[in-house]
Amino acid sequence: MVRDEEKQLIRQCVEALREGIPGFRSRRPQMEMIAAVANTLSRCRAEDEQAGNGDHLAIVEAGTGTGKSFGALVPALVMAKSRNKRLVVSSSTVALQHQYAEKDAPSLQRLLPIPFTFAVAKGRRRYACTVKLQAEGKLAGQAGLDLVGEGAPEGTVDAPRRVAAMRELLVTFDTGRWSGDRDELPLPVVDEVWERITTDRQGCAGSKCPEFARCPFQAARQRVKEADLVIANHDLVLSAIDMDGASVLPSPQETIYVFDEAHSLAAKAVEHFSARHALRGAMEWLEGACNAVRDAVLGLRLDEQLIRDSRASAERMERALRDLHCRIHGTNGFEEKRARRFKSGPLPDWCESAGGHILAAGEELQKAFASLREHVLERAPSVGALATQVLSVLGFYVVRLDNLVDTWQLMLADQPEGSPPIARWIERHDEGGRPDDYQVCASPISGSDKLRKLLWNRASGAVVMSATLTSCGTFDLFLRQSGLGYFDSPAFLRVESPFDFRNNARLVVPAMRTEPTSAEQHTLEVSARLPDLVQTLGTLVLFTSARQMREVYAQLREDLRRITLVQGSMPKGEMLARHRAAVDRADRSVLFGLSSFAEGVDLPGEYCTHVVIAKLPFSVPDSPLEEARREWVESRGGSPFIEITVPEAAVRLKQGLGRLLRTIHDRGRVTILDRRIVTKRWGGLLMRGMPDFEVVIERGRAPRAVAASAAGLKEPRPAGA
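Just so you know, the working numbering puts 149 at position 2 of the sequence shown, and the rest follows in order with no gaps.
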């Protein structure tokens, strides 16, 4: 339970915020959230304690305007300090990570009566490698690298300017005016150049590096190690829990986590724990890997047996890869579809046999590379920067080798009965001028098991929060996907919104003549209706299909095309900047966007007073991964449409609706150009848990208003009543 001194300190923190932040109001829902988070974290686990029933976990749905950042951070900071834990706050997007680092954490540090330090955790590749930076500085003029003018046409920046730019970069680093962090660069640097002056774990000599004392990553790592509050992102947390103590982040056992934008954690986990590799691509880099080993051994005068061992393993792997490529090329699985998926169970004999040989040779080659790395590190004190350069070259191939081994370990893994299976498939890979290349792909259909074992079971405590954790009125989908459904007693809370949805927003379903199932006719009708729907200053039109978005744009009148910005025609940030500038001039502006515009886009006030949803956001289950998910649900007697399709569409719909009201002063309208939400039985499921907008369903020429309820749509009342 929460101790009296912890309660008192939390009250003092809230009072400090009330006094220090103009306009800050601690509303009852926010205080309920603070109490729920504190109660949950009072049960945080000791480092050797088992997770038990999950009472150390809190699941909080809280939307815009609820003050969820402070509602979680204030009690989490107090409890972490009191219980001698580290606090890691993790977000999904760079924008929110910057908000925590540049706004929320500094404000709390300045105002709260508890002293704490904070640091931003980033991956190693966000920092310059001092050794490579020094080396590239000497070679900049010869290499002809375009360092300035990001995006400038080739040849527009002359060699003297390139050299001057690199010298400036080196001087700013050497004089302490640049920390080596890419996000703090004093001048633009193109990606190609950054790749030459950064490194990864495999290419780093660590404490054996002659520049270890000046290493930007090691300096940042030390700051993170000493910080009370660490600001990270979901990808970094997933990497950390998968690395067994080699990460920049503290171990889960000593950490209290706050996951903001937690609705994306499950999908990121699936992506993180999946793997794929190209067959021909692997054959090509294998030769480069052997050459790199030879050059390293001869250049550092190491034991030449290392060359022979790596060459033998590489040749065995190359034969197995070539055999698999021939077998795939001779099968009949790719005439009509780009991918061939293997159903749950054993792989075909030809694939399992070749895969076994590839995996065995790959693991042998990993051992050879590990042995070579040890020899290089032993020589590092005497050869200096040369060791780092060698490790950097070898690291390029080690990363690819590790990925290949990971792929085949997943492909050949036993699939425990009752657990979500691994989706396995081979697809044509026509990129890079290889018309007959193939990719071997493997992915868990769910990240729930990994998250349960590696994160929730080991974390001292955790708060997961987002505006869209419920779907169709329940947490069921999120619990299944996140692994939190394995626990009996996590705390659940829905934080009441301060927005007056009923009086400030209206959801309209027009009397459409067509449905999206008739794609061409529906596109024509959307195009015909849009001129009447974009009369306000700021309008956001959301599409589920890039093809329909382009076709609708092409069918608009010329005057409407001039004020419409289409996703893909320019960077997202530039689109939003142009839109805001137009509205600031009191000019109409229309944004056409896909799913990324339905989430994380903040357009308050006049920037967005109308959201138009062209079609309900159902996903098309045409990928091998989605097919495997549907097969798994059906094998257990379930309905993929009800268990996957509808709940996931409900989350995406809620995200789209969430673009409308961003402050308590906003007003506006949502128009859904998809009649199925009121004509299909599952339409009521989609409406459950949506904001309490006034809902207007147009019937013929006579619009009629109805009220939305937790159960769906009630009987209509007369318009204007």
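Here a beta-carbon is modelled for each residue, glycine too, at the ideal position from N, C-alpha and C.
Here the structure is a predicted model, which means the values were calculated and not measured.
Are the CB atoms of residue i and residue j nearer to each other than 8 Å?
| i | j | result |
| --- | --- | --- |
| leucine 412 | phenylalanine 406 | yes |
| methionine 558 | alanine 589 | yes |
| serine 607 | glutamate 401 | yes |
| leucine 631 | leucine 234 | no |
| methionine 659 | glutamate 667 | no |
| alanine 266 | valine 371 | yes |
| tyrosine 754 | arginine 776 | no |
| glycine 542 | glutamine 349 | yes |
| alanine 638 | alanine 227 | no |
| glutamine 695 | threonine 670 | yes |
| serine 229 | glutamate 153 | yes |
| tryptophan 432 | isoleucine 505 | no |
| leucine 654 | valine 798 | no |
| serine 457 | alanine 387 | no |
| isoleucine 760 | leucine 808 | no |
| alanine 252 | isoleucine 378 | yes |
| valine 642 | lysine 215 | yes |
| valine 699 | serine 665 | no |
| leucine 468 | alanine 436 | no |
Can you list, in chain order, the residues of its chain whose CB lies under 7 Å from that of residue i, leaving out five sequence neighbours each side?
| i | result |
| --- | --- |
| isoleucine 454 | Val440, Arg441 and Val444 |
| phenylalanine 744 | Leu687, Leu689, Gln714 and Leu738 |
| isoleucine 157 | Ile181, Ala185, Val221, Pro222 and Val225 |
| leucine 800 | Leu763, Pro764 and Leu833 |
| aspartate 583 | His476 |
| leucine 512 | Ser457, Ser460, Ala461, Met464 and Leu548 |
Less than 8 Å between C-beta atoms, sequence neighbours within five positions excluded: which residues of the same chain meet that for residue i?
| i | result |
| --- | --- |
| aspartate 450 | Val444 and His522 |
| glutamate 342 | none |
| aspartate 596 | Ser566, Pro567 and Gly630 |
| histidine 381 | Ser237, Ser238, Ser239, Phe406, Glu408, Ser411, Leu412 and Lys415 |
| isoleucine 824 | Val656, Leu763, Gly830, Leu833 and Met834 |
| phenylalanine 171 | Leu164 and Arg165 |
| proline 645 | Arg174, Pro176, Gly212, Thr213 and Ile811 |
| alanine 796 | Leu763, Pro764, Phe765, Ser766 and Leu833 |
| glutamine 536 | Val278, Lys279 and Ala282 |
| glutamate 297 | Because glutamate 297 sits at a pLDDT of 39, beneath the cut-off of 50, its placement in the model cannot be relied upon, and the following sentence gives the value as read from the coordinates. Cβ within range, chain order: Pro335, Val336 and Val337. |
| isoleucine 592 | Val417, Pro567, Pro568, Ile569, Ala570, Leu772, Ala775, Arg776 and Trp779 |
| valine 730 | Leu684, Gly685, Ser736, Glu753 and Tyr754 |
Using 8 Å for Cβ pairs, my map puts residue i next to residue j. What's the rounded Cβ distance?
| i | j | result |
| --- | --- | --- |
| arginine 485 | arginine 575 | 5 Å |
| arginine 599 | tyrosine 633 | 5 Å |
| threonine 792 | glycine 212 | Not quite, the Cβ-Cβ distance comes to about 30 Å (not below 8 Å), so this is no contact. |
| alanine 367 | lysine 269 | 7 Å |
| proline 876 | threonine 322 | The first residue shown for the chain is 148 and the last is 868, placing residue 876 beyond what the model contains. |
| threonine 890 | leucine 684 | Not covered by the structure: residue 890. The range shown for the chain is 148 to 868. |
| glutamate 520 | leucine 538 | According to the sequence displayed, residue 520 carries arginine and not glutamate. 7 Å between Cβ atoms; contact. |
| valine 780 | arginine 735 | Contact flag wrong, Cβ pair sits at about 45 Å. |
| aspartate 813 | glycine 752 | 6 Å |
| valine 546 | aspartate 347 | 7 Å |
Name the one or two DSSP bridge partners that residue i has.
| i | result |
| --- | --- |
| threonine 277 | For threonine 277, which the question treats as bridged, DSSP gives no partner whatsoever. |
| aspartate 328 | Tyr274 |
| cysteine 588 | Arg423 and Trp572 |
| valine 759 | Val688 and Thr818 |
| glutamate 601 | According to the sequence displayed, residue 601 carries leucine and not glutamate. Leucine 601 pairs with nothing; no bridge assigned. |
| isoleucine 206 | Val611 and Phe639 |
| leucine 453 | Looking at the DSSP assignment, leucine 453 forms no beta bridge with any residue, so it has no partner. |
| arginine 488 | Trp572 |
| asparagine 651 | DSSP output for asparagine 651 lists no bridge partner at all. |
| glutamate 746 | Per DSSP, none; premise fails for glutamate 746. |
| phenylalanine 739 | Val688 and Val713 |
| arginine 233 | Thr402 |
| threonine 621 | Ser618 |
| alanine 266 | Val377 |
| serine 539 | According to DSSP, which records beta bridges pairwise, serine 539 is partnered with nothing at all. |
| serine 238 | Asn380 |
In chain order, what residues of the same chain lie with their CB nearer than 6 Å to the CB of residue i, ignoring the 5 residues before and after it?
| i | result |
| --- | --- |
| arginine 571 | Phe489, Met558 and Ala589 |
| threonine 303 | Its pLDDT being 38, under 50, threonine 303 is placed unreliably by the model, and the measurement read from it follows with that caveat. Here the set comprises nothing. |
| tyrosine 404 | Val235, Ala606 and Ala609 |
| glutamine 159 | Pro260 |
| arginine 329 | Arg273 |
| arginine 192 | His203 and Ser607 |
Closest Cβ-Cβ distance between residue i and chain B: below 8 Å?
| i | result |
| --- | --- |
| arginine 485 | Any reference to chain B falls outside this structure, which holds one protein chain only. |
Please give me, in chain order, every unbroken run of the beta strand (DSSP E) with length at least 3 that falls completely inside the region 668-734. Segments of the beta strand (DSSP E) lying fully in the region 668-734: 685-689 and 711-713.
Can you list, in chain order, the stretches of the alpha helix (DSSP H) that have 4 or more residues and sit fully within the region 157-191? With a minimum length of 4 residues, the continuous alpha helix (DSSP H) runs that stay inside the region 157-191 are 175-188.
Only counting runs of 3 or more residues, tell me where the beta strand (DSSP E) segments fall wholly within the region 345-410, in order along the chain. Taking 3 residues as the minimum length, the beta strand (DSSP E) runs contained wholly in the region 345-410 are 376-380 and 402-406, in order along the chain.
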